[in-house]
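Q: Dropping a structure here in structure tokens format, bear with me for questions.
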Amino acid sequence: MKGTDEVLLAVDVQNDFMPGGALAVARGDEVVPVINRLARAFSHVVLTQDWHPASHISFAANHAGRSPFEMMTLPYGEQVLWPTHCVQNTPGAALHRDLDIPHARLVIRKGHHVDVDSYSAFLEADRRTPTGLTGYLRDVGVKRVWCCGLATDYCVAWSALDARAAGFEVALIEDASRAIDLNGSLDAAWQQLHAAGISRVQAADVLAKI
Ligand code: VGL
Ligand code: ZN
Numbered sequence: 001m002k003g004t005d006e007v008l009l010a011v012d013v014q015n016d017f018m019p020g021g022a023l024a025v026a027r028g029d030e031v032v033p034v035i036n037r038l039a040r041a042f043s044h045v046v047l048t049q050d051w052h053p054a055s056h057i058s059f060a061a062n063h064a065g066r067s068p069f070e071m072m073t074l075p076y077g078e079q080v081l082w083p084t085h086c087v088q089n090t091p092g093a094a095l096h097r098d099l100d101i102p103h104a105r106l107v108i109r110k111g112h113h114v115d116v117d118s119y120s121a122f123l124e125a126d127r128r129t130p131t132g133l134t135g136y137l138r139d140v141g142v143k144r145v146w147c148c149g150l151a152t153d154y155c156v157a158w159s160a161l162d163a164r165a166a167g168f169e170v171a172l173i174e175d176a177s178r179a180i181d182l183n184g185s186l187d188a189a190w191q192q193l194h195a196a197g198i199s200r201v202q203a204a205d206v207l208a209k210i
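Residue numbering for the sequence shown follows the working numbering, starting at 1 and increasing by one per position.
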């Protein structure tokens, strides 16, 4: 069992990111049993939920003449315009029904500000507004963050990078994650992750060491 100084951070295991969902990640459903198995080895698990108002700035539908997956320049930087997804309190925003982590302690909901996106579980896309997760993890004595979930190249990567920047040891569990891979985003993410000193591990390696 992993100790209290380690946390499993399972990012956005939500219906809209599953095959058939509004922003489907290919084979996204395959992470569910892997994350369930990992979670049994961690006493401390934190989940995130992408949790947008219907009028959210990241939705192409909220910008006249724009289509999903186009880029748009916003006051805080370049933003991918997404299909409408993970609208607060809709079935698409719910966690996958087979996610079985009764001992998950905290669910961070992110992306709730109408005019700022938040891929990261730590800092919103303006790169200034904290979610509070850094303070929470420090407060309970966490030193190492194990990241997994959806999508590898967006919310998982951004969360891992911000965790590292906040001073935690960080690993990304590759086979407990799946990517969107838009215009080379997966390769770009791995380059950034490696440069930041984040280790790339497989679930079996994590479980073998416990
Ligand atoms: C995500 C795009 C938009 C993610 C969330 O969970 O990776 N990607 N919102
Ligand atoms: Zn989103």
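The beta-carbon is built from N, C-alpha and C at its ideal position, and this holds for glycine as well.
What would DSSP say about Phe-122, mapped onto helix, strand or coil?
A: Here Phe-122 sits in coil by DSSP.
Q: Nearest by alpha-carbon distance to His-103: which of Ala-179, Gln-192, Ala-41, Ala-203 is it?
A: Ala-41
Q: Could you check the C-alpha separation between Asp-181 and Asp-187 for me, to the nearest Å?
A: 8 Å
Q: One question on the structure: do Leu-95 and Val-7 come within less than 8 Å of each other, judged by their Cβ atoms?
A: Between Leu-95 and Val-7, the gap from beta carbon to beta carbon reaches 8 Å or more.
Q: Quick check on the burial criterion: 16 or more other C-beta atoms within 10 angstroms. Buried or exposed for Asp-98?
A: Exposed is the call here.
Q: Does at least one heavy atom of the ligand ZN sit under 7 Å from the Cβ of Trp-82?
A: yes
Q: Would you kindly check if the distance between the Cβ of Lys-110 and the Cβ of Asp-50 is under 8 Å?
A: yes
Q: Given Phe-168, which residues of its chain have a CB within under 8 Å of its CB, disregarding the five upstream and five downstream residues?
A: For Phe-168, where only same-chain residues beyond five positions count, the Cβ hits under 8 Å are Leu-137, Val-142, Lys-143, Arg-144, Val-145.
Q: Cutting at 8 Å between CB atoms, please list the residues of its own chain near Ala-22, excluding the five before and the five after it.
A: In its chain, beyond the 5 residues on either side, Asp-16, Pro-83, Thr-84, His-85, Cys-86, Gly-92 have a beta carbon closer than 8 Å to the beta carbon of Ala-22.
Q: Based on the DSSP secondary-structure assignment, which residues constitute the bridge partners of Trp-82?
A: DSSP lists Phe-59 as the bridge partner or partners of Trp-82.
Q: So what's Ile-35 in DSSP terms, helix, strand or just coil?
A: helix
Q: Is it the case that the CB of His-44 approaches a heavy atom of the ligand MN more closely than 7 Å?
A: Here the bound small molecules are the ligand VGL and the ligand ZN; the ligand MN is not part of this structure.
Q: Using 7 Å as the cut-off, classify the Cβ of Tyr-76 as near or not near the heavy atoms of the ligand VGL, replying yes or no.
A: Because no heavy atom of the ligand VGL lies under 7 Å away, the Cβ of Tyr-76 does not count as near it: no.
Q: Drop a sphere of 10 angstroms on the beta-carbon of Thr-4, count the other beta-carbons inside from all chains shown, and report buried for 16 or more, exposed for fewer.
A: exposed
Q: Just to confirm before moving on: does the CB-CB distance between Leu-38 and Ala-121 stay below 8 Å?
A: no
Q: On the three-state DSSP scale, how would you describe Pro-91?
A: helix
Q: Pick from Gly-77, Cys-147, Glu-124: whose alpha carbon is nearest that of Ser-199?
A: Closest option to Ser-199, judged by alpha-carbon separation, among Gly-77, Cys-147, Glu-124: Cys-147.
Q: Are Ala-160 and Leu-150 closer than 8 Å when you measure CB to CB?
A: no
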